[in-house]
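Enquirer:
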Amino acid sequence: MMETPGRIASTPDDTADFTVENVEKALHQLYYDPNIENKNLAQKWLMQAQVSPQAWQFCWNLLSPDKVPEIQYFGASALHTKISRYWSDIPTDQYESLKTQLFSQIACFSAGSKMVLTRLCVALASLALNTMPEAWPGAVAEMVRVFQEEGGGVDGRARCLALLELLTVLPEEFQTSRLPQYRKGQVRGALGREWGSVGPLLQQLLRTDSPGAVKARVLRCLSSWVLLDVPLNESEDLVHDCFSALPDPELFDTAVEAIVNAISQPDSQRYVNTLLKLVPQVLALQEQLREAVQNGDMETCHGICRIAVTLGENHSRTLLEQVDHWQSFLALVNMIMFCTGIPGHYPVNETTSSLTLTFWYTLQDEIMSFESDKQAVYLQVYRPVYFQLVDVLLHKAQFPTDQEYASWSSDEKEQFRIYRVDISDTLMYVYEMLGAELLSNLYDKLGRLLTNAEPPTSWQHTEALLYGFQSIAETIDVNYSDVIPGLIGLIPRININNVQLADTVMFTIGALAEWLADHPVMLSSVLPLVLQALGNPDLSVSSVSTLKKICRECKYDLPPYATNIVAVSQEVLIKQIHKTSQCMWLMQALGFLLSALPVEEILRNLHSLITPYIQQLEKLADETPNPSNKLAIIHILGLLSNLFTTLDISKQDDESADGSAPPVKTAPPPPPPGPNPVVVVLQQVFALIQTVLSKWLNDSQVVEAVCAIFEKSVKTLLHDFAPMVSQLSEMLGQMYSTIPQAPALDLTRQMVHIFASETDHFPPIKALFELVTSVTLSIFQQGPRDHPDIVDSFMQLQAQALKRKPDLFLSESLDVKAVFHCGVLSLKFPEAPTVKSTCLFFTELLPHCSDVPPLARVVQEDGKMLMQAVLEGIGGGASRSLMDQFAEVLFSLNKHCFSLLAMWLKEALQPPGFPSSRVTTQQKDNFSHQILRERVNKRRVKDIVKEFTLLCRGLHGTEYAAEY
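One gets our numbering by counting positions in the sequence shown from 1 and adding 5 to each.
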């Protein structure tokens with residue numbers, strides 16, 4: 006090879022350099038130069054060479070027999086690129102010679118490099134697609150004829166393989182080609198007509214004594230062609246031949262692929278007779294399937310199952326409707342049932358059963374979609390099948406022995422978990438067909454297991470039955486079911502000696518939380534189990550989430566158990582048994598629980614629950630800040646905010662936490678007047694939180710955790726938070742003035758939302774709003790680009806203020822003009838969330854032009870700047886995903902400042918090249934007229950903006966998805 010050329014990479018734009026020699030040098034550089042930068046430069050240069058006009062000269066030279074395959078491959082690829090992407094550059098009178106050259110090159114390479122041969126075939130396929138049907142009618146027939154003729158000194162087998170390669174890539178190239186839509190339809194039709202030349206050839210090769218390699222290529226070719234919607238009755242004989250090929254291990258995979266592709270074509274359901282002939286062929290594979298199972302041959306099991314499932318899934322309705330053949334379809338369903346219950350544990354000893362789950366959904370959907378009298382007939386046949394399916398699925402969901410499970414990799418365990426979730430979803434779906442009888446069926450089995458009516462069995466069996474219950478109870482209202490009381494009665498009898506079983510027991514109790522709320526007398530049976538499980542770190546997720554569900558759903562029935570629940574929870578929190586997220590859930594559970602107690606009991610429990618943490622926080626607040634005490638502080642603040650998220654006594658007198666009225670029998674008396682318990686606690690710890698803040702004010706995570714406590718409390722307590730408004734406003738103001746951070750703005754927004762309209766609280770809220778606005782304006786003066794999160798939160802705050810209390814903008818102390826200018830600047834930020842919030846600010850601001858004089862003035866004076874910024878964004882300055890938001894601002898301008906907008910648009914669009922050099926004066930005028938016309942239909946404005954932005958970006962009318 007030649008030495009690496011320095012100048013190849015350095016002069017990529019000099020088209021004179023696209024010579025054979027330089028291409029070869031660049032390829033050498035790409036393949037053999039150890040320097041990655043040189044490789045990249047060579048790659049870039051070669052891509053330019055490939056699309057250059059000179060490619061037509063060098064590509065044929067690169068295919069010369071004395072070149073190495075890598076060089077020949079580049080020549081063939083360049084040919085394909087030129088033909089597929091630059092077809093319009095090729096003069097019509099050169100089509101014939103190009104075709105002849107390609108045929109001759111394919112003949113030369115039929116016994117040469119496979120990768121070069123494939124690229125040449127793809128190039129000829131592309132040429133055929135561009136010339137069919139007008140310039141090259143009967144293209145496929147000609148391909149077959151050319152390769153069947155003797156000559157060229159190439160043996161018949163090599164020519165045959167080359168022809169098959171060409172015929173295989175032709176439909177594939179069609180699927181990926183960039184032909185315009187109208188041409189696609191024409192070419193698809195032309196290819197369909199060419200099947201007459203392809204089918205008989207494939208059949209002849211499959212039925213004669215062809216070598217295995219030829220037959221495998223034939224099957225691949227068939228796979229490729231049936232994807233063009235070849236009518237199933239026209240490929241029927243070939244599909245039959247594919248079934249004959251299945252016993253041959255070398256042909257098995259390609260035969261399966263061809264059969265699956267043929268019968269899954271959408272059009273194939275029209276050919277009922279052909280489908281009916283396929284059923285016995287599929288059933289005949291059962292012997293091969295059973296042998297594969299016995300021999301542990303997973304690939305063969307998988308392939309045969311794919312065939313059976315594809316036929317059943319795609320054609321269940323058609324086959325169900327053939328009532329004279331109901332037995333053969335039932336036999337197919339039973340074959341698929343065998344595949345569902347295939348022996349072994351997924352995914353370790355088998356991978357087939359998961360393929361069948363969608364079939365069971367499809368079959369059920371079809372049966373349930375028939376009118377009722379027909380449906381009744383089908384249900385008579387298929388309900389027993391679905392009861393059998395439940396048994397099979399629960400058997401498949403069973404865990405292996407402890408010893409075997411311990412040997413599984415973490416990836417296998419995760420796949421098994423997902424598989425069980427899929428089974429759970431299937432059971433839930435099957436319940437729609439089988440109804441309450443399914444629950445009775447599971448309950449009877451569980452009862453027999455647990456009452457020693459049967460010999461003792463493994464925990465796996467019990468766990469799977471419970472898992473079935475839980476799957477259904479989790480998403481379906483089982484409150485009316487008469488077996489649930491019995492199930493709750495059985496649960497304490499389970500010998501829980503295993504983590505997986507204990508987990509499922511917990512999740513089952515959690516799934517029945519709503520039922521327990523209606524039957525509180527049963528709580529005493531299961532609550533001790535849940536509290537006991539709380540102490541086991543292995544049951545962390547299941548026990549905590551179950552307790553949370555019970556505390557949420559049954560809180561009005563829990564006061565007798567409250568002391569015990571709080572004591573156990575405190576103990577596990579102090580022992581640090583659970584990870585952070587479970588500790589947070591546990592606090593939420595306690596919040597629900599305490600909400601239903603009398604206020605003095607809430608305070609007493611809060612005192613015992615929170616005191617250890619407050620003491621810890623006091624100690625941490627005295628220490629010098631370091632990473633480990635930071636984590637401890639954030640943890641404690643998180644526990645408090647999660648507790649306050651759900652501790653809501655206001656729901657006691659009007660509704661329960663889930664929005665339904667509490668049962669009258671247990672609803673406590675309305676809360677006495679006086680401060681809310683959360684407010685009492687917050688007031689007690691306020692000074693301590695301020696101390697923590699003063700030390701950690703420059704740490705955004707601690708600031709966020711502090712803000713979260715108050716934000717959660719404000720959201721939950723709403724107006725009950727009133728006693729804290731003044732204190733919190735003052736603290737927020739100090740915080741933000743010292744080190745401005747986005748969470749403080751978000752909390753301010755929350756306060757504005759709830760309290761700005763209340764006369765008593767307006768003064769502190771107004772003072773806080775003015776302070777954070779002026780601090781943020783000074784950030785804008787220094788350069789806000791480093792703080793997109795602050796700008797985002799600031800814009801949201803301003804929008805909220807305009808929505809809740811536009812009077813805030815009447816204040817002398819508020820620089821409305823500066824806020825407006827900041828908004829215009831923020832529209833140009835690259836961060837999409839910031840731009841969205843800014844557009845929201847302007848759409849809230851513009852309607853107030855009529856009732857807030859300072860806003861009217863600023864829009865009159867500076868509205869044109871806003872409109873220019875919007876046009877810049879539409880012209881290409883902003884992401885296309887933001888166009889709806891920009892359209893909303895334009896729509897709002899049109900609605901509230903019509904005459905000004907007409908004038909501004911005229912002035913702004915006058916300069917050439919604005920908002921884009923790609924749009925003409927005529928297109929700008931059209932856009933302007935269209936916008937001004939739409940004052941009612943916002944959807945239409947969005948469409949106009951989308952159309953205009955495509956013009957501005959030079960994308961209008963392009964196949965954007967294909968090109969980019």
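Beta carbons are placed, not taken as given, at the ideal position from N, Cα and C, and that holds for glycine.
#1: Of the residues Ala116, Ser131, Ile76 and Phe63, which one's Cα is nearest the Cα of Tyr91?
#2: Can you name the start and end residues of the alpha helix (DSSP H) that Ile41 belongs to?
#3: Just list the alpha helix (DSSP H) runs in the segment 511 to 544, keeping only unbroken ones of 4 residues or longer that don't cross its boundaries, in chain order.
#4: Ignoring anything shorter than 4 residues or poking outside the segment 377 to 430, list the alpha helix (DSSP H) runs there in chain order.
#5: Using only the alpha-carbon positions, how far apart do Val277 and Trp141 sit?
#6: Glu660 to Pro682, Cα distance in whole Å?
#7: Between the Cα of Pro835 and the Cα atoms of Ile341, Asp797 and Arg388, which residue gives the shortest distance?
#8: Go ahead and pull the three-state DSSP assignment for Asp658.
#9: If you draw a straight line from the alpha carbon of Ala221 to that of Asp214, how long is it in whole angstroms?
#10: Does Pro858 pass the burial test, meaning 16 or more other C-beta atoms within 10 Å, or should it be called exposed?
#11: Helix, strand or coil for Glu199 per DSSP?
#12: Beta carbon of Val549, beta carbon of Leu591: below 7 Å?
#13: Indicate whether Gln465 and Phe404 have their beta-carbon atoms separated by less than 7 Å.
#14: Taking only the alpha-carbon atoms, compute the straight-line gap between Gly788 and Phe953 and give it to the nearest angstrom.
#15: In the DSSP assignment, the alpha helix (DSSP H) including Gln465 goes from what residue to what residue?
#16: Classify Asp449: buried if its beta carbon has 16 or more other beta carbons within 10 angstroms, exposed otherwise.
#17: Beta carbon of Leu432, beta carbon of Gly473: below 7 Å?
#18: DSSP state of Trp701, grouped into three classes?
#19: Does DSSP classify Ser633 as helix, strand or coil?
#20: Taking C-alpha atoms, which residue in Phe108, Arg809 and Met800 lies nearest to Phe825?
#21: How is Cys827 classed by DSSP in three states: helix, strand or coil?
#22: Applying the 10 Å Cβ sphere with the 16-neighbour rule, what's the burial state of Glu29?
#23: According to the neighbour-count rule (16 or more other Cβ atoms, all chains shown, within 10 Å of its Cβ), is Glu893 buried or exposed?
#24: Can you check whether the CB of Glu371 is closer than 7 Å to the CB of Arg322?
#25: Tell me the residue span of the alpha helix (DSSP H) that contains Gln327.
#26: Rounded to whole angstroms, what's the CA-CA distance from Leu813 to Glu849? Just pull it up for me.
#27: Measuring only the C-alpha atoms, how far is Thr651 from Ser586?
#28: Under three-state DSSP, which class holds Ile770?
#29: Give every residue of the same chain whose Cβ lies closer than 6 Å to the Cβ of Phe334, excluding the five residues on either side of it in the sequence, and list them in chain order.
#30: With C-beta atoms as the reference, is Leu599 less than 7 Å away from Ser574?
#31: Confirm, please, whether the CB-CB distance from Phe23 to Ser57 is below 7 Å.
#32: Find the nearest neighbour of Ala402 within the set Thr259, His583, Tyr424 and Ser228, judged by alpha-carbon distance.
#33: What is the DSSP secondary structure of Ile312, counted as helix, strand or coil?
#34: Please return the same chain residues whose Cβ sits closer than 8 Å to the Cβ of Asp867, not counting the five positions on each side in sequence.
#35: Does the beta-carbon of Ile570 have 16 or more other beta-carbons within 10 angstroms, so that it is buried, or is it exposed?
#36: Closest by CA to Arg754, which one among Leu451, Lys717 and Phe785?
Expert: The relevant details are as follows:
#1: Ser131
#2: Ile41 to Val56
#3: 518 to 523 and 528 to 538
#4: 377 to 401 and 407 to 412
#5: 35 Å
#6: Below a pLDDT of 50, predicted positions are generally treated as unreliable, and Glu660, at 40, falls in that range; the measurement from the model is reported next regardless. When rounded, the distance between both Cα atoms is 19 Å.
#7: Asp797
#8: With a pLDDT of only 43 at Asp658, under the threshold of 50, the placement of this residue in the model should not be trusted; the figure read from the coordinates follows. Coil.
#9: 13 Å
#10: exposed
#11: helix
#12: yes
#13: yes
#14: 32 Å
#15: Trp464 to Thr480
#16: exposed
#17: yes
#18: helix
#19: helix
#20: Met800
#21: helix
#22: buried
#23: buried
#24: yes
#25: Gln327 -> no alpha helix (DSSP H), and no H or E assigned at all.
#26: 14 Å
#27: 15 Å
#28: helix
#29: Leu324
#30: no
#31: yes
#32: Tyr424
#33: helix
#34: Lys822, Phe825, His826 and Val829
#35: buried
#36: Lys717
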